[in-house]
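Position 178 (the sequence shown) corresponds to 178 in the working numbering; numbering is contiguous.
Glycine included, each C-beta is placed from N, C-alpha and C at the ideal position.
Scroll down for the structure; my scribbles are underneath it.
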Amino acid sequence: MPTFINPRDRFPTDDLCLYRDKLKENRNYPNLDKDKKTQICVIGAGFTGLLSAYYLKQYGFDVTVVERHRVGWGASGRNSGQVIPGYNQDIRVIARKYGVDIAKASYQATVEALGEIRRLIEKHNIDCDFKPGLTITATDKKSNDDLGDHIDFLREKVGYKTDFIDASETAKDIGTTLYEGAMRDDFAGCFNPLKYITSIASICTEMGVEIFEETPALSMKKTASGKMEITTPKATITADQVIAAGDAYQGRLLPNLRKKYVLLRTSMLATEVLSDDIYDQILPSNHAVFEWQNLTNYYTKTADKRLIFGGGDAPLTRNKTEEEKAFKSVYGEMIKLFPSLQNIHITHWWGGYFSATLNELPQIGCLDDKIHYALGFCGHGVVPTHMSARLMAARIAGDTNLSQENPDFAKAFRTGNIPFAGKYDHHLVGLGMIWHKIKDMF
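Below you can see the structure in the form of structure tokens.
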């Protein structure tokens, strides 16, 4: 049985996220306590919100960011940190449904966003433990053949080159013989997402962006003068335009958009600091890893010699018992791959919500020419959130240089509502998981 130290007695607010527990510099931002006027009000201080603020400030706008909790409180500060091009949806499915031109343009936009992340880290000397290298592993012959076809498609149709490695080389890279092969991507990588986003917040502040924490946007409306009024507990913000960047956490604020996604939860854990011999046996390549299947495991080693392991995309856990069951399932997957961790303590375990859309693609758009939004990153959001932030900032600034030569893939990706979304997410996601398990099996 796993040894979980620091047991939790409450659910679900007291999760033990490694990133936040080990964050050395945790800057506090004030609450908004008086009315304010601004050109752009950004709601949400995660990747989408703060990168939108960063780019808008470069265009010269006055920008105010409000955050219900803390900077990076949601998925942006508690994800696996994998910096990966593409989307949750298979690029070949995108090509079949929307055409090769749309697929190519949309994928290349994420490659550019990945490059932008690396440039930001270098330009601002961001200490976020970034390391290059990602390995996508095949769990059986079927997934290995499919992964090979995926690699060929990326190279031939998109122009993105990666390496295919066989089972023997995969075993050397990963430290387990349970995989049939893998795709090695040296341009992708992994970082500490909370260290990264808190650094971006500091950079935005230095640029003149105002950030207010513990300041939820309770409601908003368009006034007779065409301005937007955003109500917070202690003050009202008047803005020319709004960016809604709360993803899975903005359903009450934008109920019509809530119909476009269901909530999923993923669970992660972190080991204690590993001994040198065990640390060296696991992931000798030091790449981040995720598995090429619908219900995937993902993992990486940290700078302080731990292993972070996650997976089990799941319905909303509704009580402590269900949550503990989810974490024990993740633990079991980890031990299956790395038996040497059997007697290692688990010091941190946490979960988080993300939104999943009908077509498994992000939704980027604008309501009433005033409320710009990006949501539905489907658990694959580090890079697409950055892409979305650049697109929204460019749209507000009237800058067509980013996309004037490309098909409008953001418009093509817009999808319909999910029946009963927001009311029966647990049941809908449960049915979806059964379907994905069947696809993984056959």
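- The three-state secondary structure of Pro132, taken from DSSP, is strand.
- Inter-segment contact for the region 157-164 and the region 93-111 is present: three or more beta-carbon pairs are separated by less than 8 Å.
- If only complete runs of 3 or more residues are kept, the region 169-197 shows the beta strand (DSSP E) at 181-190, in order along the chain.
- A buried status is given to Pro362, since no fewer than 16 other beta-carbon atoms sit within 10 Å of its beta-carbon.
- In this structure, the CA atom of Met207 is about 36 Å from the CA atom of Phe309.
- Under the DSSP assignment, Ser267 falls in the beta strand (DSSP E) whose first and last residues are Tyr261 to Thr271.
- The continuous stretches of beta strand (DSSP E) do not include Lys142, which lies in the alpha helix (DSSP H) extending over residues Lys141 to Phe153.
- By the CB criterion at 8 Å, Gly376 and Arg414 fall outside the cutoff.
- Pairing Ile237 with Thr38 gives a Cβ-Cβ distance under 8 Å.
- Counting along the chain, the unbroken beta strand (DSSP E) around Gly365 starts and ends at Gln363 to Leu367.
- For Leu375, the enclosing beta strand (DSSP E) begins and ends at Ile371 to Leu375.
- Proximity to Ser106 across Lys123, Arg96, Tyr87 and Ile121 peaks at Tyr87, based on C-alpha coordinates.
- Cβ atoms of Leu257 and Pro233 stay farther apart than 8 Å, at about 22 Å.
- When C-beta atoms of the region 19-32 are compared with those of the region 47-54, fewer than three pairs fall below 8 Å, so the two segments do not count as touching.
- Residue pairing by DSSP places Ala239 opposite Thr38 and Met228 in a beta bridge.
- Distance from the Cα of Glu210 is smallest, within the candidate group Met392, Val71 and Trp350, for Val71.
- Rounded to the nearest whole angstrom, the CA to CA distance from Glu214 to Thr64 is 14 Å.
- Check the Cα spacing between Lys141 and each of Glu180, Ile335, Lys227 and Ala270: the tightest is with Glu180.
- Secondary structure at Ser80: coil, using DSSP grouped into helix, strand and coil.
- For Asn297, the enclosing beta strand (DSSP E) begins and ends at Asn297 to Lys301.
- Beta-carbon to beta-carbon, Gln241 and Ile117 are separated by about 25 Å, too far to satisfy the 8 Å threshold.
- For His386, the enclosing alpha helix (DSSP H) stretches over residues Val382 to Ala397.
- Residue pairing for Trp350: DSSP places it in a beta bridge opposite Met268.
- When DSSP states are grouped into helix, strand and coil, Ala217 belongs to the coil group.
- Gly74 is classed as buried because its beta carbon has at least 16 other beta carbons within 10 Å across all chains shown.
- Leu178 and Ser143 have their C-alpha atoms spaced approximately 13 Å apart.
- In the DSSP assignment, Ala288 forms a beta bridge with Leu134.
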